Structures are given as C-alpha cells and as structure tokens.
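Be aware that the sequence shown starts at 1, since it is given in the numbering used here, and climbs by one per residue.
Each residue gets a CB set at the ideal place from its N, CA and C atoms; glycine is no exception.
If you're wondering where the values come from, they're calculated on a predicted model, not measured in any experiment.
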Amino acid sequence: MPTSGFQYRDRTFYCEDVSLDHIAERFGTPCYVYSAAAIATNYDSYGDALAGLPHDVYYAVKANGSLGILSLLARRGAGFDIVSGGELFRVLKAGGDPARVVFSGVGKTVSEMEYALRSGIGSFNCESEGEVVVLNETAGRFNAQPVVALRVNPDINADTHPYIATGLRDHKFGIPFETAERIYTESARFPNLRFEGVSCHIGSQIFDTNVFYEALDKVLALVAKLRDAGVAVRQLDLGGGLGIAYRPEETTPSISGYAAGLVRALRGKDLRLMIEPGRSIVGQAGVLLTRVVYRKPAESKQFFIVDAAMNDLIRPALYQSHHEIVPVAQRDAEMVMADVVGPVCETGDFLARDRLMPAVDPGELLAICTAGAYGFVQASNYNGRPRAAEVLVEGATVRLIRERETYDDLVRGESPLGATEPVS
Ligand SMILES: *Cc1c(COP(=O)(O)O)cnc(C)c1O
1 MPTSGFQYRD
11 RTFYCEDVSL
21 DHIAERFGTP
31 CYVYSAAAIA
41 TNYDSYGDAL
51 AGLPHDVYYA
61 VKANGSLGIL
71 SLLARRGAGF
81 DIVSGGELFR
91 VLKAGGDPAR
101 VVFSGVGKTV
111 SEMEYALRSG
121 IGSFNCESEG
131 EVVVLNETAG
141 RFNAQPVVAL
151 RVNPDINADT
161 HPYIATGLRD
171 HKFGIPFETA
181 ERIYTESARF
191 PNLRFEGVSC
201 HIGSQIFDTN
211 VFYEALDKVL
221 ALVAKLRDAG
231 VAVRQLDLGG
241 GLGIAYRPEE
251 TTPSISGYAA
261 GLVRALRGKD
271 LRLMIEPGRS
281 IVGQAGVLLT
291 RVVYRKPAES
301 KQFFIVDAAM
311 NDLIRPALYQ
321 SHHEIVPVAQ
331 RDAEMVMADV
341 VGPVCETGDF
351 LARDRLMPAV
361 DPGELLAICT
371 AGAYGFVQAS
381 NYNGRPRAAE
391 VLVEGATVRL
401 IRERETYDDL
411 VRGESPLGAT
421 EPVS
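What follows is the structure, given as structure tokens:
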C-alpha cells in the first residue's frame, strides 16, 4: 500500500498526528505540509524490494529539493540524482554524500562540471558526444577520472503527458543506441573518463511498469553488445518515472512490485542497478494547505478564491494535472460545482476546474493533495507573491523546514537604479 501520511480523524484532516488547522494557525497559509513517515516508507520500499541485487537508490532532487527532505533521505542512506550545480549545493548543504551523487541533464556547463568534480561526486550521466568531449577536457584539468554513463535513448513511448515523456528519438534527451555504441568503443579518445555505466530515463508519471521492463531489455541488449566489444560495463541506471495516483479512482503502482520485476530481470547479470525515483517517494507525502479568501458565485458554478495560486503549485496550469482538494474540517455541506482559483491575474491560475466538491466559506481551510512532488520546486514570485512556508511532520512533531518568504526576500539582489558597469 502506498502511504501518504494524511487521513481524517474525527472529521479533521491530519498529517500523521498533527491536525492541519493547527499547522495553519501556527505557520499560516499557503503552506506545504509533508509527512516524514510517508517519505521514509516510500524510500525504504525501494531498498527493501531491491535487497537481492547490488543497487543504489538515487533520489531525484528535482522532484522536491527542500533541505529538510534531502536531509531526511540522506540520513536514511539515499544517494541523489541532480540536474544542476544548484541541486548539488542543496545536497551538500543537507549532508548528502557526494560520492553517492549522479549528475544528469542535457546542458551541464563547464563551471557546473568543475563544481561537481571538486566536490567529488560519484558519476556523470552524459547526454551527448559534445558533453563527453567537454567533460573529458574538464576532468583532465582537474586530474580527475570520473565514472561516466551515457544516457541512451531506448526510443520507447511511455504513455504519459507529452511534457514529461523523455524516451523517444525526437526528444532532446539521451543518445541513440548506435551513437552510444560508437562512443563507448572509442573511449580511448577520452582518457580522463571511466565508461562504466549505461543509463536511461524514459519519462515520468508512468503507470505501466512493462514500459520500464521493455526499456531495461533494450538496455541489457546494448550492455551485452558492449561487453562483447570489450567495454567493461558495471552499472545500469534505469532512471526514475514510476507514477502515482492523483485521482481516487486510480491505483498507485506498487513500488515493491515494480522493483521485484527489476530484480528478476537483472539477477545474474553482474550489474549494479541504480534507480532515480522522485515523484514516487515524495508526491503523495505532501499537501498544499490553503485558506479560502472569498466565495464568488458565477452563472453556472462558483469560484472558491484561495490564498494559494499557480505561483505556489503550477501543475494544474502547466500539465492540466488533477489534484484532489479536500476540506480540512469536514461538515455536512452541499455539493457544488466549483473552480478553485488563486489571486494571480491569469485565467490559467486555477487549482481545480469544474470540480464537484463540498461548499466552503471564506476562512475555511483546504488541502490540495498529492503536492509533494514538482510542487514547491516550481514555485515562483509571480505577482509579487512571497513563496510559501514548508513544514515536515514526524509523528506529533512539526518542523518548519522553510520560512515563508518576506517582502524583503522579493527584492533581494535588486537595486532601483542598478550598479554601473563600465563597458570597455
Ligand atoms: C525527472 C527525472 C527523474 C525522476 O523522475 P520521477 O518521475 O520524479 O521519478 C529521474 N532521473 C532523471 C534523469 C530525471 O530527469
């Protein structure tokens, strides 16, 4: 069973042993609330199910990079999958082990590579021949010999939103198999790199685990070919992407079921498995807590105007994604057709549209569910809105892991006239 850490008790919505109205009172709204137990359980599910294989679980920082969450996972022994120098900085701040960091992404700059090499990260997943050339030069200057995996593109169509599918030939991600084979066999051209891995990541929010096994088969065939050609491949990184239910009628794929399939496919293959889950660890473990500001009737529906907006949670506007929205205090309210919207001046600023839901009045609290992944990380200051607070609940303990931003934070680094820079 997937765990979210959230449930009703006596008609009040709780995160573990803390009621959300208590959190709203103490820390204000909008506020992201996460369950430490749910994050830990989901993370542990991967490790437990993979116990029969040499493996590493590298949490994908881009799903939720808050220091409190990274620190929680670091203490449980997680490695980290990063896609920028900034994410590496976060991992190090949170106490993550640099030796257990893998650097992914299509556009690593030289200065990001330098920072990563100086920090002693474990390996790089390279996504183009151009990047391999630059990493080899950069490593040479640092007297380093990083482990490298090429991210191959298995040309697989995952049935997911087009913005988060990444495994097709015409996506910007990965290297076609033929090109990858050539680079591996020409590895003598890159004396500063140790080509020990093959990696792939086919997309996000994938429900059909067969798609992963299909990708794995293709990559295993490539590994066999490379080994025949004398390339000593030792590790295989299958990326992240396992989906989660956002709607009550959906079923979250089982982490242990998925991982058990990987164990079967890889047994006896003499490969270390790496996986990079993000959403499936934190997605269901977080909600965005918001307060109703106004209730505004329209012709055919009502608008519940709340104090959270698209700048706090952009997923509905960006991916047309659905989030369940529930009242923190359940009462016997009439069911109404409503749009839940924020105060931002965009018609795209909605958290739910045409939703049949219990009526709520100004002052009442709503929880926007399944907001732990790709939520706060995509928050912005649009419309001059300070970013929300974040709290991590563990049993009956609440930890403020990020203070709500202030107006001063909004103008940090700005100056009304600008500093003059002579252009020579
Ligand atoms: C986004 C991403 C992940 C994590 O994907 P989830 O769907 O959140 O599990 C893992 N690896 C890479 C390379 C990614 O880009």
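Would you report the Cα separation of residue i and residue j, rounded to the nearest angstrom?
i	j	result
Gly375	Ala245	15 angstroms
Glu127	Val134	12 angstroms
Phe6	Val292	20 angstroms
Met1	Ala285	With a pLDDT of only 39 at Met1, under 50, the local geometry of the prediction cannot be trusted, and the value read off the model is given with reservation. Their Cα atoms are separated by approximately 13 angstroms.
Ala78	Lys108	23 angstroms
Ser300	Tyr59	44 angstroms
Asp155	Ala215	8 angstroms
Val263	Met337	47 angstroms
Glu394	Asp81	25 angstroms
Ile121	Val61	15 angstroms
Leu20	Tyr258	33 angstroms
Arg331	Arg118	57 angstroms
Ala308	Arg385	10 angstroms
Gly47	Leu273	11 angstroms
Ser256	Ala379	31 angstroms
Glu16	Arg182	52 angstroms
Arg26	Lys269	53 angstroms
Ser123	Met113	11 angstroms
Arg315	Asn143	43 angstroms
Thr138	Ala180	21 angstroms
Arg399	Tyr382	27 angstroms
Asp170	Asp408	44 angstroms
Gly52	Arg402	38 angstroms
Under a three-way DSSP split, which group does residue i fall into?
i	result
Glu25	helix
Lys218	helix
Lys93	helix
Thr138	helix
Met1	Only weak support exists for where Met1 lies, its pLDDT of 39 falling under 50; the value from the coordinates is given anyway. Coil.
Asp172	In the sequence as displayed, the identity of residue 172 is Lys instead of Asp. Coil, per DSSP.
Leu365	strand
Tyr319	helix
Met335	strand
Tyr258	helix
Gln205	coil
Tyr213	helix
Ile401	strand
Ile82	strand
Tyr34	strand
Asn42	helix
Ala116	helix
Val430	The chain is shown only over 1 to 424; residue 430 falls outside these bounds and no answer can be derived.
Leu226	helix
Ser123	strand
Ser280	helix
Can residue i and residue j be called in contact, C-beta distance under 7 angstroms?
i	j	result
Pro30	Asp312	yes
Gly372	Gly283	yes
Ala333	Pro358	yes
Ala317	Gly342	no
Ile325	Val306	no
Arg151	Gly174	yes
Val91	Leu70	yes
Gly65	Val83	no
Arg247	His322	yes
Gly230	Ala158	no
Ser199	Asp237	yes
Ala63	Gly96	no
Leu289	Ala367	yes
Who are residue i's beta bridge partners in DSSP?
i	result
Arg272	Gln235
Gln302	Pro297 and Ala338
Tyr8	Phe13
Arg151	Ser199
Met357	Val336
Gly286	Tyr34
Pair every Cβ in the stretch 205-212 with every Cβ in the stretch 220-232, then say whether three or more of these pairs are closer than 8 angstroms.
no
May I ask you to verify whether the stretch 289-305 touches the stretch 350-364, counting CB pairs closer than 8 angstroms and requiring at least 3?
yes
Could you say if the stretch 33-47 and the stretch 347-358 meet the contact criterion of at least three C-beta pairs nearer than 8 angstroms?
no
Can at least three beta-carbon pairs, one atom from the stretch 18-35 and one from the stretch 235-252, be found at a separation below 8 angstroms?
no
Can at least three beta-carbon pairs, one atom from the stretch 137-155 and one from the stretch 183-199, be found at a separation below 8 angstroms?
yes
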